[in-house]
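Protein chains: 2
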Amino acid sequence: MSNLAYEVLKRNQLSVTESRKQILELFYERNNALEHNDIERITGEKFDRVTIYRTLQTFVEKGIIHTIPTADNSVRYALCKDECTEGHHHDNHIHFICNQCSTTYCLEAVSVPEVLLPKGFQPQLIEVVVSGKCKNC
Amino acid sequence: MSNLAYEVLKRNQLSVTESRKQILELFYERNNALEHNDIERITGEKFDRVTIYRTLQTFVEKGIIHTIPTADNSVRYALCKDECTEGHHHDNHIHFICNQCSTTYCLEAVSVPEVLLPKGFQPQLIEVVVSGKCKNC
DNA sequence: AAAATTTTGCAACTTTGTTGCAAACTCTTA
DNA sequence: TAAGAGTTTGCAACAAAGTTGCAAAATTTT
Ligand SMILES: [Mn+2]
Ligand SMILES: [Mn+2]
Ligand SMILES: [Zn+2]
Ligand SMILES: [Zn+2]
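Printed below as a string of structure tokens:
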């Protein structure tokens, strides 16, 4: 819905522009992770590459989307839950990357497991990325 | 020791060349993860950028080193344990990246925790990357 | 020591990401 | 609802990261 994107932008004190609206809508429609490149491809030539970079960066800063670490060096982005706010991400779920269709899922139902670190190491953030075969492959 | 690198290359049926020996020695000396860029910097202008790319790629294929996923999009490499062989990595440890000194550790002592996935998802590889403050910071 | 094989370095190119700036757009306020 | 202030966009130019083909150099085999 066009309205959701609008509301989210407003709530985050962002000017509502065509690029921001459409890129955000894309995330709501697809409901899985996207890379810069996907967005460029899907939106066609509509927005400048630089605009897409800047939009994604803004969304990350505002806590609207988060990045997902991958073994190859691509950067993927996915929607945050509502608890994330400017400068403070509170995502506590793991990620799944399908080796076949390469879809990337946020598995909100699976929370990050405890890990016991050696003496002297103080954890701040734990990222778990599982790869394998997804439910559709 | 120059000899260790030599042996490892031989065991993996790789021709022993200056670049391979020196890059591999670097991993043994430093004993933590390195990125392409580190290697270029440390070895000075001695080897071509392309050679470093190709050497790292070869080492990964042979199971001599493995890559470590990171949230920013840098690619880090670290030595594998002996059980890794051509085409088959058997690393079962987690990684720690220090936010202060940005050193990346393979925590061999900490094994990857179990994760229970939703129905339909079949795990093949689980990557755990913890970031925070390391034992030296 | 020569021949066969592999690796290297170079050049040229692609892809990815960054920056400064004027023009276009969005928001505010009267 | 129109002008002005502020923000965002697209372009150009650049920098960094990664890839490919190929001849020359090095390594391994015979
Ligand atoms: Mn996620
Ligand atoms: Mn490791
Ligand atoms: Zn799949
Ligand atoms: Zn540290």
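Quick note, the sequences are listed as chains A and B, same order. Per this note's numbering, the first sequence starts with residue 1, numbered consecutively. Per this note's numbering, the second sequence starts with residue 1001, numbered consecutively. Every residue, glycine too, gets a C-beta built ideally from N, C-alpha and C.
Chain A within 8 Å of residue i, Cβ atoms only
i, result
"residue 1135 of chain B", "yes"
"residue 1032 of chain B", "no"
"residue 1060 of chain B", "no"
"residue 1026 of chain B", "no"
"residue 1104 of chain B", "no"
"residue 1016 of chain B", "no"
"residue 1079 of chain B", "no"
"residue 1087 of chain B", "no"
"residue 1001 of chain B", "Any answer about residue 1001 of chain B is weak, because its pLDDT of 48 lies below 50 and its placement is not dependable; what the coordinates show is given next. Chain A, which has no Cβ nearer than 8 Å to the Cβ of residue 1001 of chain B, makes this no."
"residue 1055 of chain B", "no"
"residue 1131 of chain B", "yes"
"residue 1050 of chain B", "no"
Opening and closing residue of the beta strand (DSSP E) in which residue i lies
i, result
"residue 1025 of chain B", "Run containing residue 1025 of chain B: none in the beta strand (DSSP E); it sits in the alpha helix (DSSP H), 1018 to 1030."
"residue 1122 of chain B", "1122 to 1133"
"residue 104 of chain A", "104 to 111"
"residue 98 of chain A", "93 to 98"
DSSP beta-bridge partners of residue i
i, result
"residue 1076 of chain B", "B:1035, B:1068"
"residue 1088 of chain B", "B:1085"
C-beta neighbour in chain B for residue i, strict 8 Å
i, result
"residue 99 of chain A", "yes"
"residue 125 of chain A", "yes"
"residue 122 of chain A", "yes"
"residue 94 of chain A", "yes"
"residue 73 of chain A", "yes"
"residue 70 of chain A", "yes"
"residue 5 of chain A", "no"
Residue i: first and last residue of the uninterrupted alpha helix (DSSP H) it sits in
i, result
"residue 56 of chain A", "49 to 62"
Candidates the options: closest to residue i by CA position
i, options, result
"residue 73 of chain A", "B:1036, B:1130, B:1124", "B:1036"
"residue 1123 of chain B", "A:11, A:100, A:122", "A:100"
"residue 1060 of chain B", "B:1042, B:1049, B:1080", "B:1080"
"residue 1034 of chain B", "B:1102, B:1082, B:1115", "B:1102"
"residue 1058 of chain B", "B:1083, B:1098, B:1014", "B:1014"
"residue 1075 of chain B", "A:77, A:69, A:76, A:78", "A:69"
"residue 137 of chain A", "A:84, A:98, A:9", "A:98"
"residue 1120 of chain B", "A:40, A:116, A:132, A:126", "A:132"
"residue 21 of chain A", "A:47, A:113, A:105, A:93", "A:47"
"residue 125 of chain A", "B:1104, B:1096, B:1108", "B:1096"
"residue 113 of chain A", "A:105, A:106, A:64, A:92", "A:92"
Neighbour-count burial assignment, residue i, 16 or more Cβ in a 10 Å radius
i, result
"residue 87 of chain A", "exposed"
"residue 141 of chain A", "The question about residue 141 of chain A has no answer, for chain A in this structure spans 1 to 137."
"residue 1130 of chain B", "buried"
"residue 77 of chain A", "buried"
heavy atom of ligand 5 below 7 Å from residue i C-beta
i, result
"residue 1098 of chain B", "Ligand 5 is absent from the structure shown, which contains only ligand 1, ligand 2, ligand 3 and ligand 4."
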